[in-house]
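What follows is a set of notes on a single structure, which appears directly below.
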Amino acid sequence: MSQCDETFVGSTETISQSLHDQVLVSPDLRKRHQDIIFRSLQNGTGKLEIPDRFCQPPAGGQTLPIAGTFVPFNERNLCERWSDPSYRAGQYPLLKDIGLNTLILLTGNPGGVCYDSRHYSRLSDTDLVEAVLQESLGLGMEIWIGLPHVEIAWMLQSKTQLIRLLDRSRFLIEEIQEKYGRYDNFHGWYIPYELCNVFVEETEDPSCLPNWVNSIAMCCKLMPGDRPTAIAPYFTVTNGLEAFKGLWERIFRQISMVDIIMMQDSVGIFKEDRLLEIPACFFILKSLAGACGKQLWADIEMFDQQAGVPLDWEPWAANPAPHERMIRQMELVSDSVERIVTFSYFDYMNPAAGSVAAELYRQYYEHLSSYCSNTPYPSGQTEISSAEDFIRQET
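Numbering (our numbering), first residue to last: 20 to 414.
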């Protein structure tokens, strides 16, 4: 055991595909957690007035390709697949063929982690962080290492409890630095706490949660290597664009140690309503990020939610997004962001994830090929033999 108390060691309960999972929330907080997550996923499109200039499709701009993906190693099933060296070897060419050179590793939660930790139980016998860092060294990939998500109901904790959670995160930051700091392709730190305006507004002190996230980012900044820090928040717009702008301006200024905002577009959940909001909201966020010296990225959702909060109270379920909608998501944010990443290629566009995902992969490759000479991806290729071979094997 480390300096941490015994509650720091994960349980052996099933790990959910969602950080919102109730299994990992203490029984006394489950109802409050369920309520706040539900409210954070209720958008207010009907009350939002979009300026006319944002109601037309973007004209003349270059559509950015998807540059990277979150890698959900907080899921036991994905950990098991990636523990197979032959499976991993087949994945890198697929990623390379469509230009996904940014991998953001979600390393775990209270149920366990995907690497050899002194503080947590294991989701995999293989140290997947080490494996990815080693195997991607010559592939020109940026690897962002996410901190384990030490408390699912973090947004409901008191200031005293948040201080204890900060200490836990500090132990993990030091451990990750000690184990992986030598890798040149360890590009940055990802802080997994998804700040939402609902969480911030409903705390007694609205500065509390942003300041806590900022303190975690500061701990990362104190490590050798001068690596950037990133978060992936999400938003609702129930009170209109002016209120949206004012709130996120305050949050951006409070998280001064965070370098990159990978803002979720939430289209997989809010669907067509959110597509109408994206141009105005990301235009505002671009201005705020620039004023605060931050980069704004878009985290587009590659799924189409079928069940679960906020649609219903059934277990989470989603399908791969329609190709046309995914391209539309890219088009709508490209003028406002420096990079596009997605959640999550491995669940919804990986040929190993089924025939629908394989077809989305093929369609996206063809989309890239149609303007390949104007983008850095995929290095002028005109063939996708490695992808086609994999698809034939898996479908």
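Glycine is no exception: its CB is placed at the ideal position from the N, C-alpha and C atoms.
- Counted as a single uninterrupted DSSP element, the beta strand (DSSP E) harbouring residue 209 occupies residues 205–209.
- Per DSSP, the continuous alpha helix (DSSP H) segment holding residue 232 begins and ends at 227–240.
- Going by C-alpha positions, residue 69 is about 8 angstroms away from residue 295.
- Under the DSSP assignment, residue 302 falls in the alpha helix (DSSP H) whose first and last residues are 291–310.
- Counted as a single uninterrupted DSSP element, the stretch harbouring residue 332 is not any alpha helix (DSSP H), since DSSP gives it neither H nor E.
- The shortest C-alpha to C-alpha distance from residue 348 to any of 323, 327, 332 and 107 is the one to 323.
- Distance from the Cα of residue 88 is smallest, within the candidate group 338, 281, 140 and 255, for 281.
- For residue 368, there is no enclosing alpha helix (DSSP H), since its DSSP letter is neither H nor E.
- CA-CA distance, residue 271 to residue 387, rounds to 33 angstroms.
- Nearest Cα to residue 233 within the set 288, 247 and 350: 247.
- When DSSP reads this structure, residue 323 sits in a beta bridge with 338.
- In the structure shown, residue 215 falls within a strand segment according to DSSP collapsed to helix, strand and coil.
- One alpha carbon belongs to residue 297, the other to residue 137, and they sit about 42 angstroms apart.
- Residue 110 sits buried, since 16 or more C-beta atoms from the chains shown fall within 10 Å of its C-beta.
- Annotated as distal: residue 225 and residue 60, with beta-carbon spacing of 7 angstroms or more.
- In the structure shown, residue 56 falls within a helical segment according to DSSP collapsed to helix, strand and coil.
- In this chain, the beta strand (DSSP E) harbouring residue 86 covers 85–91.
- Looking from the CA of residue 171, the closest CA among 178, 184 and 163 belongs to 184.
- As summarised for the region 112–151, the continuous beta strand (DSSP E) elements at least 3 residues long and confined to that stretch are 121–125, given in chain order.
- Judged by DSSP secondary structure, residue 360 falls outside any alpha helix (DSSP H) and instead within the beta strand (DSSP E) spanning 358–362.
- Contact between residue 133 and residue 92 is confirmed by a C-beta separation of about 4 angstroms, below the 8 angstroms threshold.
- Separation of residue 82 and residue 279 (C-alpha to C-alpha, rounded to the nearest whole angstrom) is 20 angstroms.
- Around residue 202, the same chain offers 152 as residues with beta carbons nearer than 7 angstroms, after the five sequence neighbours per side are excluded.
- Taken through DSSP and simplified to helix, strand or coil, residue 278 comes out as coil.
- In the DSSP assignment, residue 179 falls outside any beta strand (DSSP E) and lies within the alpha helix (DSSP H) extending over 178–199.
- For residue 270, the enclosing alpha helix (DSSP H) starts and ends at 260–273.
- Classified as buried, residue 196 has 16 or more neighbouring CB atoms from the shown chains inside 10 Å of its CB.
- Taking the Cα of residue 100 as reference, the smallest distance to any Cα among 165, 177, 142 and 333 is reached at 142.
- Under a 10 Å Cβ-count criterion, residue 283 is classified as buried, with 16 or more other Cβ atoms of the shown protein chains found around its own Cβ.
- Residue range 248–250 is occupied by the beta strand (DSSP E) that includes residue 249.
- Secondary structure at residue 165: strand, using DSSP grouped into helix, strand and coil.
- Assignment of residue 172 by DSSP, reduced to helix, strand and coil, places it in the coil class.
- Between the alpha carbons of residue 293 and residue 285 lies a distance of about 7 angstroms.
- In this chain, the alpha helix (DSSP H) harbouring residue 384 covers 374–389.
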